[in-house]
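Taking this note's numbering, the leading residue of the sequence shown gets 574, the next gets one more, and so forth.
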Amino acid sequence: MEKSFRQSIITDPILNEMAKNIEEAMKILENGQREVEERQKYILKDIPGPLQGCMTFMLCLSGRMHGLGERGHVTLLGHSLVAYISGLHRERVRRLSIRVQSDTTLWLCRIFRYENGSAYYHDDDREGLLRVCRLVLYSRYEDYATEGYAVLSCRHPVIYQSSACRPGLGHYLCSQLGLALSSLCTVPSSTTFGSEHQMDVSVLDRLIKDDVKSGKVPLLLIANAGTAGAGHTDKLGNLRELCDQHNMWLHVEGVNLATLALSCVTSSVLAATRCDSMTLTLGPWLGLPAVPAVTLYRHEDPALALATGLASTQVAEKLRALPLWMSLQNLGHDRIVKRIKHALRLSERLLEHLKKMTSIKTPVEDEVNSPIVLFKFSQETSSTQAISMFSTGVLQLGEQLAQQVPSSGVDLVHLEDEGSCVRFNPLMTSALLGTQDGDVDALMERIGEMVPLLSLTMCLRHEFREEVSNHSNLTYVEDLNWPGLGGIRYNPTCKDPDESKRQLLQEKINGDLLKNLQQLETEVEFSTGPEFSPEKSCIFIGMATENLDVAKLVDAIAAMGRDIEEGSKLLDNMTETVQRGIQEAERQLQKANEEKIMKEGVLRQIPVVGSVLNWFSPVQSSVNGKTFNLVAGSLDSTESIYSMKTQPVKETDLTPVFNITKQSDGKCFHFTIITPLTNPSILPECMRVTEVLFC
574 MEKSFRQSII TDPILNEMAK NIEEAMKILE NGQREVEERQ KYILKDIPGP LQGCMTFMLC
634 LSGRMHGLGE RGHVTLLGHS LVAYISGLHR ERVRRLSIRV QSDTTLWLCR IFRYENGSAY
694 YHDDDREGLL RVCRLVLYSR YEDYATEGYA VLSCRHPVIY QSSACRPGLG HYLCSQLGLA
754 LSSLCTVPSS TTFGSEHQMD VSVLDRLIKD DVKSGKVPLL LIANAGTAGA GHTDKLGNLR
814 ELCDQHNMWL HVEGVNLATL ALSCVTSSVL AATRCDSMTL TLGPWLGLPA VPAVTLYRHE
874 DPALALATGL ASTQVAEKLR ALPLWMSLQN LGHDRIVKRI KHALRLSERL LEHLKKMTSI
934 KTPVEDEVNS PIVLFKFSQE TSSTQAISMF STGVLQLGEQ LAQQVPSSGV DLVHLEDEGS
994 CVRFNPLMTS ALLGTQDGDV DALMERIGEM VPLLSLTMCL RHEFREEVSN HSNLTYVEDL
1054 NWPGLGGIRY NPTCKDPDES KRQLLQEKIN GDLLKNLQQL ETEVEFSTGP EFSPEKSCIF
1114 IGMATENLDV AKLVDAIAAM GRDIEEGSKL LDNMTETVQR GIQEAERQLQ KANEEKIMKE
1174 GVLRQIPVVG SVLNWFSPVQ SSVNGKTFNL VAGSLDSTES IYSMKTQPVK ETDLTPVFNI
1234 TKQSDGKCFH FTIITPLTNP SILPECMRVT EVLFC
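Written out as structure tokens, the structure is:
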């Protein structure tokens, strides 16, 4: 096939000229980067301020484009050539676009065994199916082109899809086609025979017959060759016969369609070549960035294809295949097959390792040659609560694997029958992420490290709950979404009748307790728990370690909580004592002030008269401040404190004292804490002073 590609370029003068332009463009990309940067720096000086940030971003982007690799550069060059070719002579562009589209369609039909097919190239992978639905509407309703939706009112069309189909696809089709949601019929999966993710053919047959009896028109069936979640393939052979029987259009999509390019294909996937249309997402499969998806279809009337948009006379639409055309030539048939085989080998390698682990369950084992591997952490149990805990363990396992081995491309998926599972889909991720055998080995190494910890944690959860129940001041917090040992809450012994005060005290103690636990040098993690957890004022303990003693851990948490509570009580008592001292000082200062007024006389209190009297006969007496001693609990005069500034401090007399002086306005108190120091060189007065103003 690669030789035929080269021959077509040599014999066609337009393509020959285009090949020369490609070579010149590649040289410009390789050698002209320095010149472009210097020119951009010169231009940047004259660009207005708001636009300079955009130009800086473009310069940064052009530098990063060197990390795209060969495939990225070829695709980028293809998009650039689309813009270049669109400016050529109209006739030359027409001939070139027709040749590019026809060659690309021919290659894809040969690679994926789809004979006599046409191709529609689209950016949104749902757009091809949407155009196919319009084509079927035009085919089944002869007056649809002239009368529009009026012809659908008498005989409603019905679109059938599997319950395992990717979410939102049916609603998207109905909204874009202007159909009611009643036109969408979801077929359940098999429950008695076959896989639980395959469409139930017998139920589908019954649904179609019921719709025909009610006057509806069975329009189209969406089947899967590799479901989005589990990678199952429907019974395409039986579905083809059923569609022929009821004159329905069969559309197939899924990741397993990529295996059609291999020399050996399973019969279940090979039946997809008999469908009426299929959608191929070549970008993720082959690691080609920004290339369009392709919908291959068979239809005998080109006029209807043109009316529904599957075919186009616009040159820009035909040139959409140019990046894919260049990428396919760059890869060649052998490298395309090699990449698909590489993804399948990665899946087989991981599946072989997982089957050897007793605590790992692989729900999807009946699919032969499927590129998707699902696994989950599981242990034999009949308890509903334990099953929910294992589901949480799966979430923890998936999140940790995605963080520690990002090149593996693993993610989480939820299935109705299996719950949460970890999904490894190398066909959709390996080409873009560059996943290799070493990444699979690293993935297995991380799984081998995490599974014993998960098993140990699940076993110790009950013991942890029992130990917490033995402490009256601790409460166990149940949260099935937490993968660790569980949650715990410290309950203070304070019996304050005010509920809000008790709640604030509990939040403060548990917050301080969490900070102290996080500062400990231990392998166990402590946190506030899940982000959207309804439980507040509690501490969640992470996964257990091998040498963890649950009883000692709970005892340490309880003891640390008691210490924090006692410290909080001591501070509250000190605060209360200081407040009482302030009140007593206020009373004594008020009394001393009254005595001073009585001693000075009433005339001295009159503003003008008092000033004259004070000028002729000054008064030396003043109200002394009060000192409150926390140890002795007594109020004394401040004269002894000020006298300490001129006397040496004895090391035995290091009791902190409090100086409380009332302001002249009678509303505020000057609260001074004086703490003697043992080192006179620090402060000449041999004391540390802290002043606080209370109003």
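Cβ coordinates follow ideal geometry from the N, Cα and C atoms, glycine included.
Model, not experiment: these values are computed from the prediction.
Asked	Found
Across which residues does DSSP place R996 in a beta bridge pair?	L947, D984
How about L968 and S993: are their beta carbons less than 8 Å apart?	yes
Just the Cα atoms here: how many angstroms apart are A796 and E826?	7 Å
Measuring CB atoms only, is the stretch 972-990 touching the stretch 753-761, in the sense that at least three cross pairs come out at less than 8 Å?	no
Hey, quick one: how far does the beta strand (DSSP E) through W822 stretch, first residue to last?	822-826
With a threshold of 16 other CB atoms inside 10 Å of the CB of C1111, please say whether the residue is buried or exposed.	buried
Check whether the Cβ atoms of L897 and V864 lie closer than 8 Å to each other.	yes
According to the neighbour-count rule (16 or more other Cβ atoms, all chains shown, within 10 Å of its Cβ), is T1245 buried or exposed?	Any answer about T1245 is weak, because its pLDDT of 49 lies below 50 and its placement is not dependable; what the coordinates show is given next. Buried is the call here.
Per DSSP, F1099 is paired with what?	I1114
With 16 other CB atoms within 10 Å as the buried threshold, where does T1148 fall?	exposed
Roughly how many angstroms lie between the CA atoms of S836 and H926, to the nearest whole one?	26 Å
Between which two residues does the alpha helix (DSSP H) carrying N829 extend?	Taken as a continuous stretch (DSSP letters only), N829 belongs to no alpha helix (DSSP H), as it is neither H nor E.
Measuring only the C-alpha atoms, how far is L669 from T852?	25 Å
Roughly how far, in whole angstroms, is the beta-carbon of V647 from the beta-carbon of N903, given that I think they are within contact range, below 8 Å?	5 Å
Residues in the same chain with beta-carbon distance under 8 Å from N689, minus the five sequence neighbours each way, listed in chain order, please.	C682, R871
DSSP beta-bridge partners for Y1049?	I1061
Could you give the residue range of the alpha helix (DSSP H) that holds H729?	Taken as a continuous stretch (DSSP letters only), H729 belongs to no alpha helix (DSSP H), as it is neither H nor E.
Applying the 10 Å Cβ sphere with the 16-neighbour rule, what's the burial state of N1083?	buried
How would you write the range of the beta strand (DSSP E) that P791 sits in, first residue to last?	790-797
Per the DSSP calculation, E870 is bridged to which residue(s)?	This sequence places Tyr at residue 870; Glu is not what is there. Note: Y870 sits in a beta bridge opposite S691, S850.
Indicate the three-state DSSP secondary structure (helix, strand or coil) for R1160 in the structure shown.	helix
Quick test of your reading: V1123 and E1036, contact by CB under 8 Å. State the CB separation rounded to the nearest angstrom.	5 Å
Tell me, which residues are paired with C682 by DSSP?	Partner(s): none; C682 has no beta bridge.
Helix, strand or coil for S1190, going by three-state DSSP, please let me know.	coil
Spell out the partners DSSP gives S762 in its beta bridges.	M772
Which residue marks the beginning of the alpha helix (DSSP H) containing H1044, and which one marks its end?	Counting along the chain, H1044 falls outside any alpha helix (DSSP H), and DSSP gives it neither H nor E.
By the 10 Å Cβ neighbour count, where 16 or more other Cβ atoms means buried, how is A889 classified, buried or exposed?	exposed
Comparing alpha-carbon positions, which option in E1108, I1020, T1066, I1137 lies nearest W1055?	E1108
What three-state label does DSSP hand K934 in the structure shown?	strand
Output the boundary residues of the alpha helix (DSSP H) element that contains N1120.	From DSSP, N1120 is part of no alpha helix (DSSP H); its letter is neither H nor E.
From L1143 to Q1161, what distance separates their C-alpha atoms?	27 Å
Would you identify the three-state DSSP class for T1066, choosing helix, strand or coil?	coil
How far does the alpha helix (DSSP H) with R704 in it reach, from first residue to last?	700-713
Determine the extent of the alpha helix (DSSP H) in which Q887 is found, giving its start and end residues.	From DSSP, Q887 is part of no alpha helix (DSSP H); its letter is neither H nor E.
Rounded to whole angstroms, what's the CA-CA distance from V1024 to F950? Just pull it up for me.	7 Å
Classify C747 as helix, strand or coil using the three-state DSSP reduction.	helix
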